[in-house]
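Notes for the one structure printed next.
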Amino acid sequence: MASSQEPLTTGKAVLDRNPDKFLSRSVHDLISLKGRTIVITGGGRGLGLAFGFAVAEVGGNVAVIDLLDKPHDHFQKLATEFNVKVKLYKSDVTNYGHLQATFDEIVKDFGRIDGLVTAAGICPDEPFLNREPESVARCMNINVLGTYYAAQLAARQMAKQEPAEFNPRGGSIVLIASIAAHVASKGQTTSDYCASKGAVVSLAKALGVELAAVGIRVNSISPGPSPAPCFMIACFVLPQANDDTAAGGIDIMVNEPPMRRIGDRTDLKVPVVYLLSDAGAYHTSDDLLITGGIHAGRLM
Ligand SMILES: NC(=O)c1ccc[n+]([C@@H]2O[C@H](COP(=O)([O-])OP(=O)(O)OC[C@H]3O[C@@H](n4cnc5c(N)ncnc54)[C@H](O)[C@@H]3O)[C@@H](O)[C@H]2O)c1
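Residue numbering for the sequence shown follows full-length UniProt numbering, beginning at 1 and increasing consecutively.
Below, the structure is given as C-alpha cells:
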C-alpha cells in the first residue's frame with residue numbers, strides 16, 4: 001500500500017492483446033460477487049438493506065455498518081437465506097475512531113474488503129433561512145464526512161490486501177448520492193442535503209481518478225425519491241406536515257418523474273451490483289442517475 005505521504009503513481013499502461021476475451025466471461029460470471037466482501041453503511045434498513053440483498057443474491061458476503069440498535073426485520077432474512085456471511089456492526093460513520101475500529105473488526109471477521117456502498121445518510125427538510133448551524137453540521141457530518149471516512153478506510157484495506165482468485169486487485173466503491181445533487185427537490189426545502197449530495201458526486205469523481213492506479217473504482221449513484229424512510233419521513237411525517245402537505249408530497253413524487261411513478265429500491269439493486277462487480281470493470285468516476293427521468297425534465 002502507498003503510505004499517506006506518497007503520491008499514487010499513474011501505474012503502467014496495459015494493452016490487452018486478446019481480442020476474444022469477451023467469449024470467456026459470461027454476463028452471469030461478470031455480475032457475480034462470489035467470495036467478495038462488501039461493506040454497506042446504513043444497511044440496517046431502507047436502500048442500504050436492499051443493497052445487502054442485491055449483494056447476497058449474487059454470492060457476496062455482507063458487512064453492514066449502522067447506528068441502529070435493531071435493524072429492520074428483513075435483516076434476519078438477509079442473514080439466513082443466502083448461504084453467505086452477513087454481520088451487523090453498530091457504529092457511527094461520523095466518529096472516525098469508532099469507524100476505524102469497526103473496519104478493523106470487519107477485516108478480522110471477513111478477512112478482506114472488496115467493495116463498499118455508502119448508504120448512511122439523513123435528509124433534513126427545513127427552510128434555509130431557519131436552519132441552525134448544529135443541524136446543518138450534522139447533515140454534512142453524516143452525508144459528507146461519514147462517506148469520506150468510510151471510503152478512505154475501505155480503500156486503505158483494498159489497496160493493501162493480497163490478491164484473491166475472485167478479486168485479483170483493488171475493489172469498487174459506490175457512494176449513494178441523490179437526484180438532489182443535480183436539481184432542487186420540488187416541495188422540499190433541503191439546502192444542506194442538496195449541498196451534501198453534490199459533495200458526494202464530486203468525491204466519487206475525484207477518488208475514481210486518484211485511486212485508479214491501485215485498482216479501485218469509485219462511482220456514485222443518484223437515485224430519485226423512493227418510498228424508503230429517509231424521504232418519506234422528511235416529506236410526510238415531520239411534525240409540521242399536515243394531511244394536505246403529505247398528499248401534495250405524494251402527488252409530486254408520483255407525477256413529477258417523466259415515467260410517472262416513484263422509484264423503488266428494486267430499481268437500484270442491479271445498478272449497485274453492476275458497479276461493484278467485474279461487469280463495471282471499466283467504469284469509474286461516474287454518477288448514475290436513476291430517477292425515472294426527473295434529472296432531464298419534469299412533467300409538473
Ligand atoms: N429514499 C430515497 O428516496 C433516497 C433517494 C435518493 C438518495 N437517497 C439516499 O440513500 C441513502 C439511504 O436513504 P434511505 O431512504 O434508505 O434512508 P434510511 O433513513 O431508511 O436509511 C439510512 C440508514 O443510515 C443509518 N445512519 C444514519 N446516520 C448514521 C450514522 N451516523 N452512522 C451510521 N449509520 C447511520 C440509519 O440508521 C439508517 O439505517 C441516504 O444517503 C439518502 O440520502 C435516498
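C-beta atoms are modelled at their ideal positions from N, C-alpha and C, and glycine is treated no differently.
These figures come from a predicted structure and were not determined experimentally.
Query: Under 8 Å between C-beta atoms of Gly224 and Gly263; Result: yes
Query: Sequence-distant residues of the same chain with beta carbon closer than 7 Å to Ile233, five excluded per side; Result: Because the pLDDT at Ile233 is just 47, under 50, the model does not fix this residue reliably, and the point stays unresolved.
Query: Gly52 versus Phe75, Ser26, Lys108 and Gly35, residue with shortest Cα-Cα distance; Result: Phe75
Query: Ser3 - DSSP class collapsed to helix/strand/coil; Result: For Ser3, the predicted structure reports a pLDDT of 44, less than 50, and the residue's modelled location is therefore unreliable. The matter cannot be settled from this model.
Query: Any 3 or more C-beta pairs closer than 8 Å across the segment 74-91 and the segment 103-110; Result: yes
Query: Exposed unless 16 or more other CB atoms sit within 10 angstroms - verdict on Arg217; Result: buried
Query: Spatially closest choice to His28 from Gly44, Leu68, Ser202 and Val58, by CA coordinates; Result: Val58
Query: Heavy atom of ligand 1 within 7 Å of Thr41 beta-carbon; Result: yes
Query: Beta-carbon gap between Ile113 and Ala154 smaller than 8 Å; Result: yes
Query: Straight-line gap, Val84 to Leu30 (C-alpha atoms, nearest Å); Result: 18 Å
Query: Cβ shell of Val107 (< 7 Å), same chain only, five flanking positions each side left out; Result: Ile113 and Gln157
Query: Beta-carbon proximity check, Arg261 vs Gly292, cutoff 8 Å; Result: yes
Query: Val214 versus Asn167 - alpha carbon distance; Result: 13 Å
Query: Of the listed residues Thr37, Asp278 and Ala177, nearest to Ile287 (C-alpha basis); Result: The sequence shown places Asp at residue 287, rather than the Ile named in the question. Nearest C-alpha to Asp287: Ala177.
Query: Alpha carbon of Met300 to alpha carbon of Thr189, nearest angstrom; Result: 18 Å
Query: Heavy atom of ligand 1 within 7 Å of Pro124 beta-carbon; Result: no
Query: Contact test: Val93 Cβ vs ligand 1 heavy atom, cutoff 7 Å; Result: yes
Query: Where Pro168 sits in the DSSP three-state scheme; Result: coil
Query: Buried versus exposed, by CB contacts within 10 Å (16 or more), residue 310; Result: Examination of residue 310 is not possible in this model, given that the chain is present from 1 through 300 alone.
Query: Chain C contact for Tyr89 (CB, 8 Å cutoff); Result: No chain C is present in this structure, which holds just one protein chain.
Query: Contact between the segment 29-47 and the segment 61-76 (3+ Cβ pairs under 8 Å); Result: yes
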